[in-house]
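*Asks:* Top line first, the protein sequences correspond to chains A and B. According to the working numbering, the residues represented by the first sequence are 179 to 476, in order. According to the working numbering, the residues represented by the second sequence are 179 to 476, in order.
2 protein chains.
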Amino acid sequence: MRTDTVYKKAFNRTAAMLRDGQLTGELPSENELRRRIGVSRTTVRKVLGELAQRELVAERGGVRTAGRAVEDSDYYPDAETTSRANHVEQQFMEWMLRGDTRPGTSINELELARQFGVATNGIREFLIRFSRFGLLEKRPNTGWLFKGFTEDFALELFEIRVMFELRSAHLFSRQPDTSPLWDKLAALKVAHIELLKRIESRYQDFSGLDNRFHRLINEASPNRFIDDFYDIISFIFHYHYQWNKHDEQQRNQAAILEHLAYIDALESRDPDRIELACRAHLASARSTLMRSLIGSDE
Amino acid sequence: MRTDTVYKKAFNRTAAMLRDGQLTGELPSENELRRRIGVSRTTVRKVLGELAQRELVAERGGVRTAGRAVEDSDYYPDAETTSRANHVEQQFMEWMLRGDTRPGTSINELELARQFGVATNGIREFLIRFSRFGLLEKRPNTGWLFKGFTEDFALELFEIRVMFELRSAHLFSRQPDTSPLWDKLAALKVAHIELLKRIESRYQDFSGLDNRFHRLINEASPNRFIDDFYDIISFIFHYHYQWNKHDEQQRNQAAILEHLAYIDALESRDPDRIELACRAHLASARSTLMRSLIGSDE
DNA sequence: AAGTTGTTTTTTATGGATAAAGTTCATGCT
DNA sequence: AGCATGAACTTTATCCATAAAAAACAACTT
């Protein structure tokens, strides 16, 4: 059966809005809520129905108002708000990055399905999607070959990344002065400086900033293949660092400084400076990844 | 039910071997056949069973020999030798490239499933696989957005292609003189010259040559992401030109000449010459594609 | 006419079943 | 021991069923 995670997540969001006082007095129309929550009206109605049932909203003569106060126990547990597909993704990444899965291992859909508690269909869909990341290969009628999260992988990944980033950075710097992206860049610079001040407590915010920064650079000259490639990078980094916290604060601090140098270089519009700063940053990102690869290899 | 296309294709191949006299006297062991046909022994046994049934091979005391002559009617029809997944691919590409599918159209799994006569699952798997080609986008719980085989697509595709090819060409040219790839390049050069001589009748052979040539250039400095990207190119071109035969001979002849210039440039190891020849060739490939895009757009 | 809510229809996400194909185990033969 | 064949077992490819979610339709209200 299809999971009702969409509904549960929508319910939780709506409950949170009630609690935070974002829904005061008469509730907005179903359509308005639909827009705010980003879900179909069908689901909104289901949410409203349940909220009324639990007296979290009161219905009188077709008018809905907030009801009793929302309690912690009203929320659905987080685990019930992620779709099966998401679960598979997380479990697979954990299996891959944490387990002692060696390069060359062959992957068995049925076994993973049993292990993750889902139907084989879901596993297969995930593997097909994941295969564009260059870590898997399908052998028809036979199964999947796990190629390994290896040093080679990291080298090849970064070779492309450098090419793409240099290209995008140069195109960025050649934008007209009137481009709104310059303002965005300035805003990001401020955000970096702010984060640097509070680095001790907030160093984990860096990852979001990193993403925004690199995507901004691509925005000046969009290319779907480059965007797709950056998806791979984000994905890999997201999971890899989720289980690799070693030296995180220090790493992030260094990266912020590199970003700032890179931003200054962009603002100077000097091609040589840009290339230098860009290469320096990526080289350091690469060696961080490589180090952790080797480290986790013992 | 799973199709038995693997068996039928194996049967046809074995029958062809019998007919061509590649299997003379006592037949090889099941394992040996397995190796030659590239299929499991289970399937080989099924093939042998059917061959015996039809008296195409004779079994006497555990020894198998060729039986009566193979006739045309013994083969399974071609249509029965492609898997469902392949069918879906072909039908989808036809639907996309031939039909009047406009950019921005949304794709409906169920409708395609009905139209192609397969289960929705097969459609979905295809779409997931295909989405890495940059022509589709999945919107969860909703469907797929067809972004269109547009001019933008071609431009973005070629921007990357140029970056990758220049990089690979330069690395190719910097290989040691002792690398076996130089010999392969020389062989390809000969093949080009040969083809040029018979261009009137054999111009359709160019596509295979083109593929071999560009893959050879990547071989000197393998990178899985570049290889994957080249898969996209091959795929797109394969289908696109399958339905776009306009001026084919002339186009191919021009491309052969460009390849020859490009090969000479590589052999000269002169970076500037290489860059020039490479760019010239890709520019012409791009404008061919663009022209046909606009042409098919009436 | 435009926006509401109620209802019906369609489509997606997910599990399950099964024949075909692949793999492993068992037995026998040089 | 090493290779053949036979048989049993496992996994993949494929279809089908169904609840959840989305979309379309309908009726009502201001």
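Quick reminder that beta carbons are idealized off the backbone N, C-alpha and C, glycines included.
(1) Of the choices T298(B), S412(B) and P449(B), whose alpha-carbon is the least far from that of R171(B)?
(2) Between G312(B) and chain A, is there a C-beta pair that is closer than 9 angstroms?
(3) Assuming L349(B) contacts S399(B) (C-beta within less than 8 angstroms), just tell me the rounded distance between them.
(4) So what's K423(B) in DSSP terms, helix, strand or just coil?
(5) With a threshold of 8 angstroms on Cβ separation, who are the neighbours of L201(A) within its own chain once the five nearest residues in sequence on each side are excluded?
(6) Residue range of the alpha helix (DSSP H) that G321(B) falls in?
(7) From the DSSP output, in three-state form, read off H459(B) for me.
(8) So with Cβ pairs under 9 angstroms, would you call D351(A) a contact of chain B?
(9) Taking 9 angstroms as the CB-CB limit, is F331(B) close to chain A?
(10) Could you give the residue range of the beta strand (DSSP E) that holds T243(B)?
(11) To test your reading of the DSSP string, which unbroken alpha helix (DSSP H) runs of 4 or more residues are found completely within the region 407 to 454 of chain A?
(12) So, is the C-beta of M195(B) closer than 9 angstroms to a C-beta in chain A?
(13) In chain B, which residues lie less than 7 angstroms from I306(A) when you measure between Cβ atoms?
(14) Quick one: using the 10 Å Cβ neighbour count with 16 as the cut-off for buried, is W322(A) buried or exposed?
(15) Under 9 angstroms between C-beta atoms, does L335(B) make it to chain A?
(16) Does the CB of M271(A) have a neighbour CB from chain B at under 9 angstroms?
(17) From what residue to what residue does the alpha helix (DSSP H) around A236(B) run?
(18) According to a CB-to-CB cut-off of less than 9 angstroms, which residues of the region 340 to 369 of chain A neighbour chain B?
(19) By the 7 angstroms beta-carbon criterion, what residues does the region 377 to 404 of chain B contribute toward chain A?
(20) In its own chain, which residues sit with a C-beta less than 7 angstroms from the C-beta of T260(A), not counting the 5 before and 5 after it?
(21) Taking buried to mean at least 16 other C-beta atoms within 10 Å of its own C-beta, is I301(A) buried or exposed?
(22) What residues in the region 182 to 214 of chain B have a beta carbon less than 9 angstroms from any beta carbon of chain A?
(23) Rounded to whole angstroms, what is the Cα-Cα separation between R393(A) and I285(B)?
(24) Just grab the DSSP bridge partners of R317(B) for me.
(25) Does the region 304 to 315 of chain B come into contact with the region 418 to 434 of chain B, if we say contact requires no fewer than three beta-carbon pairs (one atom in each stretch) closer than 8 angstroms?
(26) So what does DSSP say about E334(B), is it helix, strand or coil?
*Replies:* If we stick to the structure as given:
(1) Lying before the first or after the last residue shown, residue 171(B) is absent from chain B, which here runs from 179 to 476.
(2) yes
(3) Sure, about 4 angstroms apart at Cβ, within 8 angstroms.
(4) Coil, per DSSP.
(5) T192, M195 and A244
(6) From DSSP, G321(B) is part of no alpha helix (DSSP H) but of the beta strand (DSSP E) over G321 to F324.
(7) When DSSP states are grouped into helix, strand and coil, H459(B) belongs to the helix group.
(8) Residue identity check: residue 351(A) is Ser in the sequence provided, not Asp. Nearest CB-CB separation between S351(A) and chain B: not below the 9 angstroms threshold.
(9) yes
(10) V241 to A244
(11) 426 to 446
(12) no
(13) E303, I306 and R307
(14) buried
(15) yes
(16) no
(17) From DSSP, A236(B) is part of no alpha helix (DSSP H) but of the beta strand (DSSP E) over V235 to R238.
(18) M341, F342 and R345
(19) Among the residues of the region 377 to 404 of chain B, those with a Cβ less than 7 angstroms away from any Cβ of chain A are N401, R402 and F403, in the order of the chain.
(20) T183
(21) buried
(22) Residues passing the 9 angstroms Cβ filter: V184.
(23) About 28 angstroms.
(24) G321(B)
(25) no
(26) helix
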